[in-house]
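Everything in the sequence shown is counted per the UniProt record's numbering, starting at 1 for the first residue and increasing by one.
Note that the Cβ used here is the ideal one computed from N, Cα and C, for glycine as well.
All of these numbers come straight from a predicted model, not from anything done at the bench.
Here is the structure we will look at, set down as structure tokens.
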Amino acid sequence: MSSSDNESLEDEIKELLENYKFKKATIYEPCTLKNLKECLIGLSEEFNLINIDYVFNPYVDIENNTLSPEALVKLVNSAWTLLHHFKNVSEKVENLEEQNHILESNNKQVNHTIGRLKKRLNTEKNESKACIASALRVTDQSNDIYQKLLDTKMKLTQLTKQKETNEKCLHNKIARLKLENDKLLDRLRNKSAPKYNRVQEPKKNHVVPFFEWDYTSYYFVLWYRPFPKLDRPFHRRYVYKVPVYLSL
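So, in structure tokens, the structure goes:
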């Protein structure tokens, strides 16, 4: 191999290293006998990116445009490792797909539950608004009722005071009327008190009957001397009472 070919190959290797340093994707080209070295170099870099230990040295691994057995063994082992990684990744992908399917199903259920909860929440919000409005109406009504109660209590207090005042006035009038009644009764008693006539005694040895009006029993009382010869005064026990019915 000439020095110019080595320089061009080194430039290609540097370019590949720069691309893989920044993890730039290598342009895929079908492998031919002409670009075998470039493809093996790119494959080595791709394997290194996925942590597969494969190093290709075009100066050692290729002799007379033929891959050495040691390089071929390393390439086969790297391919087996890549296949093992692919199987593991495929299983993980299947598991992830299954988990994704489960998550999608759970997500649908969660979304359905969230929708029902939102609907219930909206219903409860509407009910709470209605309750608040009802509470405000009840508060207004209670304020009106309380004000009416205060007014009624004030009127009742005024009526109670008026009643007490009227009762005092009535008691005073009754006391005054009783006093006047007592005075009138005293006057009537004084006017209607009985006046007893003083009876004159008759002379001795004379029977002098006479009448007297008894105000207490409504009788005519006949006085006389039962024993004329006896010198006795008139006594009440010798009096005969003759009833006389008068129409007053």
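Rounded to the nearest whole angstrom, the CA to CA distance from Asp151 to Thr157 is 10 Å. Taking a 10 Å sphere around the C-beta of Ile50, we find fewer than 16 other C-beta atoms and assign the residue as exposed.
Taking all protein chains in view, the Cβ of Tyr146 is surrounded by fewer than 16 other Cβ atoms within 10 Å, so the residue is classified as exposed. Between Leu103 and Leu75, the gap from beta carbon to beta carbon reaches 9 Å or more. Ranked by Cα distance from Val73, the first of Glu98, Leu184, Tyr54, Asn111 is Tyr54.
The beta-carbon distance between Ile52 and Leu82, rounded to whole angstroms, is 6 Å. This is short enough to meet the 8 Å contact definition.
Distance between Leu149 and His112, taken at the CA atoms: about 54 Å. Excluding its 5 nearest sequence neighbours in each direction, Phe47 has C-beta neighbours in its own chain below 6 Å: Tyr54, Ser78, listed in chain order.
Within 10 angstroms of the beta-carbon of Asp182 lie fewer than 16 other beta-carbons, which makes it exposed. A residue is called buried once 16 or more other Cβ atoms fall within 10 Å of its Cβ, and Asp144, having fewer, is exposed. Residue pairing for Glu63: DSSP places it in a beta bridge opposite Thr66. DSSP, read as helix, strand or coil, puts Asn35 in coil. In the three-state reduction of the DSSP assignment, Asn166 falls in the helix class, which pools H, G and I. Here the C-alpha atom of Glu98 lies approximately 14 Å from the C-alpha atom of Val89. Per DSSP, reduced to three states, the secondary structure at Asn100 is helical.
Taking the CA atoms as reference points, Gln162 sits about 12 Å from Leu170. Rounded to the nearest angstrom, the Cβ distance from Ser68 to Phe56 is 11 Å, too far for a contact under 8 Å. Between Ser192 and Leu177, the alpha-carbon positions lie close to 22 Å from each other.
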